[in-house]
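Peer 1: Those letters in the sequence shown? Residues 1 to 684, per full-length UniProt numbering, in order.
A virtual CB, placed ideally from N, CA and C, is assigned to each residue, including glycine.
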Amino acid sequence: RLVREFVAQNNTSQIKHVIQILSQEFALSQHPHSRKGGLIGLAACSIALGKDSGLYLKELIEPVLTCFNDADSRLRYYACEALYNIVKVARGSVLPHFNVLFDGLSKLAADPDPNVKSGSELLDRLLKDIVTESNQFDLVSFIPLLRERIYSNNQYARQFIISWILVLESVPDINLLDYLPEILDGLFQILGDNSKEIRKMCEVALGEFLKEIKKNPSSVKFAEMANILVIHCQASDDLIQLTAMCWMREFIQLAGRVMLPYSSGILTAVLPCLSYDDRKKNIKEVANVCNQSLMKLVIPEDDDVDEAKQPMPVPAEPASEETLSKAEAVSGGESLLARAIRGARPERIPVTLNLDGIVQVLDCHLHDTSIGMMTRIAVLKWLYHLYIKTPRKMFRHTDSLFPILLRTLSDESDEVILKDLEVLAEIASSPAGQTEGQGPAEGPEARPSPAELHVPGRGSPLSSSGTKGMECSPSTPTMNSYFYKFMINLLKRFSSERKLLETRGAFIIRQLCLLLNAENIFHSMADILLREEDLKFASTMVHTLNTILLTSSELFQLRNQLKDLKTQESRNLFCCLYRSWCHNPVTTVSLCFLTQNYKHAYDLIQKFGDLEVTVDFLTEVDKLVQLIECPIFTYLRLQLLDVKNNPYLIKALYGLLMLLPQSSAFQLLSHRLQCVPNPELMQT
């Protein structure tokens, strides 16, 4: 009644005096009952003031909010009730004080007393109604408070925060999407809450944001949120990881090349997920889409721009130390992620591909023996893709990648080896790998030195130095300076790891013959083996190469070339092979059979009498007899009909027969030779 009278008289000083007495002497009194009376009095003042209460809100609200922290739960309830009445009367006038009200309410939301909590919920609903119906809400000043409160670990406080985010999202005039980078990290943390209800609420909020992003991609600050997603794509919580991965998929597809500067971080998060089992099938599938979409963003033009001259993305504003440290933790401190969560403005600054960061991540994954097969395959696909799209820049990294690519040939999986061979073949044949007397490929092993790898001149076409022997072949120019280095290192690997040669040697060489030029492979390997000091290995390797040459469908063309020796190139190849094949007597004879040098084959077999005949030697003769019965040597068997013109072929076969003990191979060859017709009968 008193306040109403003062309002009627427009006596503001007396009104302030009444409020001050109620605040200082009652609401903030040491005595609990006085505090209760003061709260009721302040609420009564507000009701009496009516629409004029907005003029005195600061004086009315502050003492009530102080009582929110009272140790007495009844007092906290009274404070809640008093504030409800003050806000109900003032309505939209309380919005300038929204932050302090929100701050107080967020504390009451976690109050242990159920009555206080229930009172705060009523006040909360009222405040939400006021915000929803008003167009005066100051979002800019509210965001810092929301960003701070969103990191609360209390379930009720989290529920309170999410409920407010959902309300603000639903108001058409409030564009919360602009400030999503400020709160996205906190939302993902709440998504990992133990309460199913809170997780569900958070899922709904994130789902609404994603819908908005899809509707208005042009206004979304993708770059500012990229690293936040990278962090949460590596979360141990399945729901957080799946949700973050789904967001990442949408970001890559909607933002396109804006996401390229964050590629190494994205790959750090995505690649391990590709090896997940069926328990995490959903995450694996989404990660796969992310990986494929990101790969498509790399284009040949990325090879043209000189990174040193390319302007770097300028941060919109400095990132917080906490965010930066998290981002660096993800990438191992790479400059890419340390560039700050506030990303580039894609419309003004060209996007650059940070190839160094990507290669570093791929290299780390290849070195990690614990990663799954699908991840290793994906890494190799990435390397192959980068060598195709950006060969010039990739060759700067070839020397560092080469050793691990060679080691990967020992992988347990055939699929991994196939992909690895594709990458190595691309390195060995790419024009970008050609060096003009300089560049990374010019190392001690890039090309063979005459002292190490070349056979001394013997007046043959192959007596030139270095790789000139290979350059006789018309197809050799397609190979670059890494090709010979690859061949040297592959043979070294076979030498040091005999099991690899036994189990995968033929498979690797056959695949390389499909991917590269088969003639060059055999030419260079023969050239290298000529100077091999480990004679046992040289003999085994020659035997392996010979078996591949004689039996593989991939080498049909090369066999035909050697069979006729019609061209200078084929004759050069035969000479080169012959010298190395001499490491193994039986393979040398089989090469003579293939090239129809029957007299020489017969001469060699005559010399076998001077050799030590071991079980291994007889086994190889046995295998050669089996080969003669194969379709590859059909032409040889038909030549047995022409006894008159092929006497040395028949003599050579009889020579093999005489070397063999009475075995199944002996019987086989004996039966074949019994079929050779009498030359008298063959006369026409």
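To the nearest angstrom, how far is it from the Cα of M470 to the Cα of M259?
Peer 2: At M470 the pLDDT is 37, less than 50, meaning the model places this residue with poor confidence and gives no usable figure here.
Peer 1: Since I believe A82 is in contact with A43 (beta carbons under 8 Å), could you give me their beta-carbon distance rounded to a whole number of angstroms?
Peer 2: Indeed, because the Cβ distance is near 4 Å, the residues count as touching under 8 Å.
Peer 1: Quick test of the definition: if touching needs 3 or more C-beta pairs under 8 Å, does the region 497 to 505 touch the region 551 to 569?
Peer 2: Contact between the region 497 to 505 and the region 551 to 569 is absent, because fewer than three Cβ pairs lie under 8 Å.
Peer 1: Run the CB neighbour count on Y387, radius 10 Å, all protein chains shown included, and call it buried at 16 or more, exposed below.
Peer 2: The residue is buried, with at least 16 neighbouring Cβ atoms inside 10 Å.
Peer 1: Measure from the alpha carbon of K623 to the alpha carbon of each residue in Q606, Y482, S590, then state which is nearest.
Peer 2: Residue S590 is the option with its Cα nearest to K623.
Peer 1: Using only the alpha-carbon positions, how far apart do L355 and S430 sit?
Peer 2: So the two alpha carbons sit approximately 18 Å from each other.
Peer 1: Apply the 10 Å Cβ neighbour rule to E436 and answer buried if 16 or more other Cβ atoms are within range, or exposed otherwise.
Peer 2: Model confidence at E436 stands at a pLDDT of 43, short of 50, so the residue's coordinates are unreliable; what they give is reported in the following sentence. Exposed.
Peer 1: Can you find the residues in the same chain that come closer than 6 Å, C-beta to C-beta, to F188, ignoring five residues on each side of it along the sequence?
Peer 2: Here the set comprises H232, I240.
Peer 1: Sorted by chain position, which residues of the same chain lie with C-beta nearer than 7 Å to N584's C-beta, five sequence neighbours on each side aside?
Peer 2: Around N584: S539, V542, H543.
Peer 1: Compare the Cα-Cα distances from F102 to each of L123, D642, H365 and report the closest residue.
Peer 2: Ranking the options by Cα distance to F102, first place goes to L123.
Peer 1: Anyone know if the C-beta pair for L271 and V379 falls short of 9 Å?
Peer 2: A contact, by the Cβ cut-off of 9 Å.
Peer 1: Report the three-state DSSP secondary structure of R571 (helix, strand or coil).
Peer 2: Helix at R571.
Peer 1: Quick check on DSSP: helix, strand or coil for A90?
Peer 2: Helix.
Peer 1: Relative to the C-alpha of I40, which residue among D52, G50, S23, Q30 is closest?
Peer 2: When only C-alpha atoms are compared, the closest one is S23.
Peer 1: Nearest CA to the CA of Q30: which residue from R125, C67, D534, M479?
Peer 2: If we check each option's Cα against that of Q30, C67 comes out closest.
Peer 1: On the DSSP letters alone, give me the boundaries of the alpha helix (DSSP H) that residue 686 sits inside.
Peer 2: An answer regarding residue 686 cannot be provided, because it is not within the stretch 1 to 684 covered by the chain.
Peer 1: With a CB to CB cut of under 6 Å and the five nearest residues on each side skipped, what residues in its chain are close to L229?
Peer 2: For L229, where only same-chain residues beyond five positions count, the Cβ hits under 6 Å are A244, W247, M248.
Peer 1: Taking F251 and F222 to be in contact with their CB atoms under 8 Å, please state how far apart those CB atoms are, rounded to whole angstroms.
Peer 2: Indeed, because the Cβ distance is near 5 Å, the residues count as touching under 8 Å.
Peer 1: I174 by DSSP, collapsed to three states: which one?
Peer 2: Correct three-state label for I174: coil.
Peer 1: Given this structure, state the Cα-to-Cα distance separating F160 from F98, to the nearest angstrom.
Peer 2: For F160 and F98, the distance between alpha carbons rounds to 15 Å.
Peer 1: Measuring straight from C-alpha to C-alpha, what distance separates T588 and L636?
Peer 2: Spanning the two alpha carbons is a distance of roughly 16 Å.
Peer 1: Out of curiosity, what's the CA-to-CA distance linking G54 and N291?
Peer 2: One C-alpha to the other measures close to 56 Å.
Peer 1: Would you call P679 buried or exposed, if buried means 16 or more other Cβ atoms sit within 10 Å of its Cβ?
Peer 2: Exposed, because fewer than 16 other Cβ atoms sit within 10 Å of the Cβ of P679.
Peer 1: Helix or strand or just coil, what does DSSP make of E532?
Peer 2: Note: E532 maps to coil in three-state DSSP.
Peer 1: In angstroms, rounded to a whole number, what distance separates the CA positions of L535 and N480?
Peer 2: Approximately 29 Å, taken between the alpha carbons.
Peer 1: Helix, strand or coil for M201 per DSSP?
Peer 2: Helix at M201.
Peer 1: Return yes when the Cβ of V116 is within less than 9 Å of the Cβ of Y77, no when it is not.
Peer 2: Yes, Cβ-Cβ distance for Y77 and V116 is below 9 Å.
Peer 1: Taking the alpha-carbon positions, what's the S13 to V3 distance?
Peer 2: When rounded, the distance between both Cα atoms is 11 Å.
Peer 1: I think I377 touches V416, with their Cβ atoms under 8 Å apart; what is that distance to the nearest whole Å?
Peer 2: Rounded, the Cβ-Cβ distance is 6 Å, consistent with contact.
Peer 1: The alpha helix (DSSP H) with P272 in it runs from where to where?
Peer 2: Note, P272: premise wrong, no alpha helix (DSSP H); not H, not E.
Peer 1: Return helix, strand or coil for T66, following the three-state DSSP convention.
Peer 2: It is helical.
Peer 1: Kindly provide the ranges of any alpha helix (DSSP H) runs that are 4 or more residues long and lie completely inside the region 548 to 619, ordered along the chain.
Peer 2: Taking only runs of at least 4 residues, the alpha helix (DSSP H) segments lying wholly in the region 548 to 619 are 556 to 564, 568 to 581, 585 to 594, 598 to 607.
Peer 1: Reducing DSSP to helix, strand and coil, say where M479 ends up.
Peer 2: M479 falls in the coil class under three-state DSSP.
Peer 1: Could you check if residue 706 is buried or exposed, using at least 16 other CB atoms within 10 Å of its CB as the buried criterion?
Peer 2: What the structure shows of the chain is the stretch from 1 to 684, and residue 706 is not part of that stretch, so it cannot be assessed.
Peer 1: Just to confirm before moving on: does the CB-CB distance between E612 and L668 stay below 9 Å?
Peer 2: No, they are not a contact pair.
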